[in-house]
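Take any residue in the sequence shown, count from 1 to its spot, add 2: that is its number in the numbering used here.
Here a beta-carbon is modelled for each residue, glycine too, at the ideal position from N, C-alpha and C.
The structure appears right after this line, and notes come after that.
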Amino acid sequence: MKKINIPKDVNYIIETLQSNGFEAFMVGGCVRDELLNKKPNDYDICTSAKPEEIKKIFPKTIDTGIAHGTVTVRLNSTNYEVTTYRIDGDYLDNRHPSSVSFTSSLKEDLARRDFTINAMAYSSKTGLIDFFNGQEDLKNGIIRAVGEPSQRFDEDALRILRAVRFSAQLGFKLDENTAQACKNKAPLLKNISQERIRDELFKICLSDNVNKLVDCYELSITKVVFPEFDTMMETTQENPHHIYTVGIHTIKTMENLPKDLTLRLAGLFHDIGKPACKTMEDGSAHFYNHPVVGAKLCETILEGFHTSKKLISDVSFLVLHHQDQFPPVLKSVRRGVFKIGLDMFPSYLALQRADCLAQSDLSKDYLKTIDEIEKLYLEIKKQNECLSLKDLKINGYDLINLGYKGKEIGTILSNALKYVIDNPNSNDKQTLLNKIDTFL
């Protein structure tokens, strides 16, 4: 077995508990990650010591979850969660145990955990403790529930989505019984908060295996938490430029985007308006106005997931403009950069490129156009051209001093900016003041 690295402070906590007569182990995700040669995000410790005993042993502790047996030990300015072995009571809300009872058995503690790969413990003294063959499942790339899958999902329905999320992040497959239980228990996800659902979905979207969203569809998960995705999966595109359903095209678009949340979500939502806009003409499908419909739907869904306003704004903006096209000439691209925004333009191009790559070969010629537009954009950016009011050489105060008021000022500045975008060398204060009458 691979030697597992235990950070100095974690080892100190474990050995201190052991020297005081208690069992103690690294447990869960940190053991899994070490076995996969990945650096853990954090380290959890489980112990036979009760919370009050943990607090007596360590001088600096925080009562973070005493009711569930968790004490935070603060060591060298870092917090470490130390949790007493426990058995969970009934899960009345399909998320949290209504009660917990402490146990002296490590096996009983590990038996309550979600998946075998997360149910291993380790200490330098004992080596790896693996009651449920988690190491074998790691080796074989399997996500398997501990014990009876249906019981695990009854206890915490979020585990249904976590199963797919782990498979996406690790590139693993779901065990057959675990997958069937996911499908059978998927309706329980309606009891889970939107924030928790959002976090798991976003992690899948940011993974190397975005195509695991197909598993979410096939296991009836999205039917409960994101039904619009099911509609995309079931919407065909009878069009020479497309060879996939809207849903599969969406996934392939996401696969062609970098692991940036704004971009991946823009990929996820860019065609979400298509099902509602689909019309058939002479045997060919058309989706007129789908960016507008999609942007509104995107806002509604992301608001329902309690997503940040900034993320909603950026994603819906990209969805709205993902089909905007500008001829690859300098004047046109300047107008495009003005419309999309200097900082947002690279994301717009990335989405267009990914969208194009996920279509039929008939669309591939446009990739050359995107490359030409990108070169012109970089030239515009390098020249530091005026593309916003803050860079315009006249401002509202100049116009007020000349006697202009209210809406006149906004109209003049807006038209002056448009003029400068088409004529970059004209961004001179006196030149613009001399042309004010033409801007009204």
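At what residues does the beta strand (DSSP E) containing residue i begin and finish?
i	result
L163	Unbroken run through L163 is the alpha helix (DSSP H), L160 to L172; no beta strand (DSSP E).
Y45	Per DSSP, Y45 belongs to no beta strand (DSSP E) and is neither H nor E.
E283	T281 to E283
V29	A26 to V29
V148	Careful: V148 lies outside any beta strand (DSSP E) and carries neither H nor E.
V12	Segment K10 to S21 is the alpha helix (DSSP H) holding V12; no beta strand (DSSP E) there.
H288	S286 to H288
A85	Reading the sequence as shown, one finds Thr at residue 85 and not Ala. T85 -> beta strand (DSSP E) spans T80 to T86.
I131	G129 to I131
L77	T72 to L77
Considering only C-alpha positions, which residue in the set the options is nearest to residue i?
i	options	result
N258	V339, S209, K225 and C218	S209
Y290	E301, Q325 and L191	Q325
T281	F271, H292 and H272	H292
E55	D46, A69, L38 and V73	V73
I6	T18, L19, I15 and V29	V29
C388	H272, M256 and V422	V422
R1	D400, A181 and T128	The structure shown does not extend to residue 1, since the chain is modelled only from 3 through 442, so no value can be given for it.
E240	D357, A287 and D44	A287
G173	H243, F204, V212 and D232	V212
L415	T433, D424, N425 and I438	I438
E202	P151, R161, N425 and S126	R161
I372	D357, K384, L351 and N386	L351
K366	K384, P242 and S310	P242
T118	S107, T105, N436 and D139	D139
Q385	R336, D217, P260 and K370	R336
F340	D424, K225, V295 and N135	D424
F307	L267, C279, N13 and G275	L267
K109	K409, L419, G408 and T49	T49
K409	S106, F441, L434 and L435	F441
P42	V12, T18, K311 and Q20	V12
C279	T237, D156 and D132	T237
K420	Q354, G338, V317 and N436	G338
H272	F133, K225 and S349	S349
V294	L353, P9, L332 and V321	V321
Q153	S106, Q354, A183 and N135	A183
P260	K311, Q354 and E301	Q354
Q20	Y45, G31 and K127	K127
G136	M235, D35, S103 and Y219	D35
F24	D156, L37, Y45 and S107	S107
T18	A51, L38 and L37	A51
Excluding five sequence neighbours on each side, which residues of the same chain lie with their C-beta closer than 6 Å to the C-beta of residue i?
i	result
N22	I59
V227	L191 and I199
K185	L221 and S222
I245	S362
S334	F328
V33	M122 and Y124
T255	G269, A356, D357 and A360
Could you check how far apart the C-beta atoms of residue i and residue j are, in whole angstroms? I think they sit under 8 Å.
i	j	result
L304	E230	Not really, about 11 Å apart at Cβ, beyond 8 Å.
D116	R146	No, D116 and R146 are not in contact; Cβ-Cβ is about 10 Å, not under 8 Å.
A356	G269	6 Å
N179	P151	6 Å
R114	I89	7 Å
T233	P277	5 Å
In its own chain, which residues sit with a C-beta less than 7 Å from the C-beta of residue i, not counting the 5 before and 5 after it?
i	result
K214	V166, S169, A170 and I206
K57	T63 and V73
P53	I68, G71, V73 and T86
I144	F174, K175 and D177
T309	R200
L265	L259, S349, A352 and L353
S318	A297, C300 and E301
What residue range is occupied by the uninterrupted alpha helix (DSSP H) comprising residue i?
i	result
N142	G136 to N142
I253	V248 to E257
R337	L332 to I342
T413	G408 to D424
R355	F347 to L359
R200	Q196 to C207
S318	K311 to H323
G296	H292 to G306
L267	L263 to F271
D65	Where D65 is concerned, there is no enclosing alpha helix (DSSP H), although the beta strand (DSSP E) it sits in stretches over T63 to G67.
If I measure Cβ to Cβ from residue i and keep anything under 8 Å in the same chain, skipping five residues before and after, which residues do I get?
i	result
I15	A26, I47, F60, V75, L77, Y82 and V84
L263	F204, C207, L208 and L313
R330	Here the sequence assigns Pro to residue 330, which means Arg is not the residue at that position. The residues are T371, E374, I375 and L378.
K311	none
T105	Y87, R88, I89 and D111
For chain C, is any of its Cβ atoms less than 8 Å away from the one on residue i?
i	result
K225	In the displayed structure, chain C is absent; only one protein chain is listed.
message = With three or more C-beta pairs closer than 8 Å as the rule, is the stretch 398 to 409 touching the stretch 363 to 383?
response = no
task = Check whether the stretch 248 to 255 touches the stretch 324 to 344, counting contact only when three or more Cβ pairs, one atom from each stretch, lie closer than 8 Å.
result = no
request  = Spell out a yes or no on whether the stretch 350 to 361 and the stretch 385 to 402 are touching, meaning 3 or more CB-CB pairs, one atom from each, closer than 8 Å.
outcome  = no
query = Is the stretch 425 to 432 in contact with the stretch 384 to 393, if contact means three or more CB pairs nearer than 8 Å?
reply = yes
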